[in-house]
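Asks:
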Amino acid sequence: MISTIDGISEVLNSREKAISVWLLILVILGTLNSKFRRPILNVITKFFARKLLQIYCAMFVYISLVVLLLSLVNVWHIGNLGDTIKWGVLVAFVMLFNFKQAEEHNYFKSAFVSNFKILVVIEFIINLYVFSLPVEFFLVPFLAILGFITAIAESDKQYDTIKKATNAIVSFIGGMFLIYSVYKVIVDFQNFATVKMLESFYLPIALSITLIPFIYLVALYSHYEVFFIRLGYFVEDPIVLRYAKGQTILNMNLNLNKLDGWSKYVTSNWRFKEKQEVDDAILVFCNQNKKNI
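Everything in the sequence shown is counted per this note's numbering, starting at 25 for the first residue and increasing by one.
Here is the structure:
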């Protein structure tokens, strides 16, 4: 148990440790307060819902296969395990719960390009050199409160003065973080310019890129599931319903945008009574879809 805690401690930097401690404190305080206990327990229960657990397991298997393939081409080794676990918790789950972004046009292109923006390099450098744990422990709630105030200020024009002030403070703090990190890179360049550091930079990017197809498939599965549930309310004949589902899969296959358009088209215009109506609807929709391309 102690060795496990020590292992986690080595993987996390002081900022990540501070965030973890504050989250733990908030969860404990929330569970002790009867007013917040039920909502917190509901969130935890939903997070570990059976269907989500199945998706988590599928994602774990997918990532494991990706890691195996990367190791076969000497891009990943056991020394990267810590960074991989941290990426899984901090990035992979965020990508998973933002799967609705896969509905956007050019999702693959935008998701791929986002991993190569200059901001990625800046974030890496800023998060590489952090302050001591006591400093980070007080910085985390301060920045969280500042972010909360900024969000409220942006919701109403009457708070424009506050918004400008908080944005200025955030920009100043961000600038200080960047200056401090760049300074540390310069004075400690020998330790910065290492293979280990290079791996810490490119590995999360590589893993994020390889996870994009999985996120797309999750979004696709979710859309099929929702559409088939709706279809069950509109189609009474189980044989016609089964046929409609089969034809949907055959004609929409892996095209999420096409499936989304088909779902809206069917729910707005059709209540299938027989198989021929399904064929007619698909023919009309596909012809309309070709004209819009």
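Beta carbons are placed, not taken as given, at the ideal position from N, Cα and C, and that holds for glycine.
Looking at residue 274: is its Cβ nearer than 9 Å to the Cβ of residue 243?
Replies: no
Asks: Look at the alpha carbon of residue 159 and the alpha carbon of residue 69, and state the distance between them as a whole number of angstroms.
Replies: Take the alpha-carbon of residue 159 and the one of residue 69: they are about 34 Å apart.
Asks: Cα-Cα, which of 129, 187, 91, 206 is closest to residue 154?
Replies: 206
Asks: Within a Cβ cutoff of 6 Å, which residues of the same chain sit near residue 251, ignoring the five residues on either side of it in sequence?
Replies: The beta carbon of residue 251 sits closer than 6 Å to the beta carbons of 287 from its chain, once the five residues preceding and following it are set aside; these are given in chain order.
Asks: By Cβ distance, which residues of its chain are closer than 7 Å to residue 305, with the 5 residues on each side in sequence left out?
Replies: 290, 294
Asks: Going straight from the alpha carbon of residue 236 to that of residue 37, what length do you get?
Replies: One C-alpha to the other measures close to 27 Å.
Asks: Taking Cβ to Cβ, would you say residue 308 is nearer than 9 Å to residue 268?
Replies: no
Asks: When you compare the CB positions of residue 253 and residue 126, do they come within less than 9 Å of one another, or not?
Replies: Taking 9 Å as the Cβ cut-off, residue 253 and residue 126 do not qualify as a contacting pair.
Asks: Write down every uninterrupted run of the alpha helix (DSSP H) in the region 107-151 whose length is 4 residues or greater and which is fully enclosed by it, in chain order.
Replies: 117-121, 131-137
Asks: Leaving aside the five residues before and after residue 165 along the sequence, list all residues of the same chain whose C-beta is less than 7 Å from its C-beta, in chain order.
Replies: 46
Asks: Out of 198, 171, 52, 161, which one is the CA nearest neighbour of residue 186?
Replies: 171
Asks: Buried or exposed for residue 283, please, with buried defined as at least 16 other CB atoms from any protein chain shown within 10 angstroms of its CB.
Replies: buried
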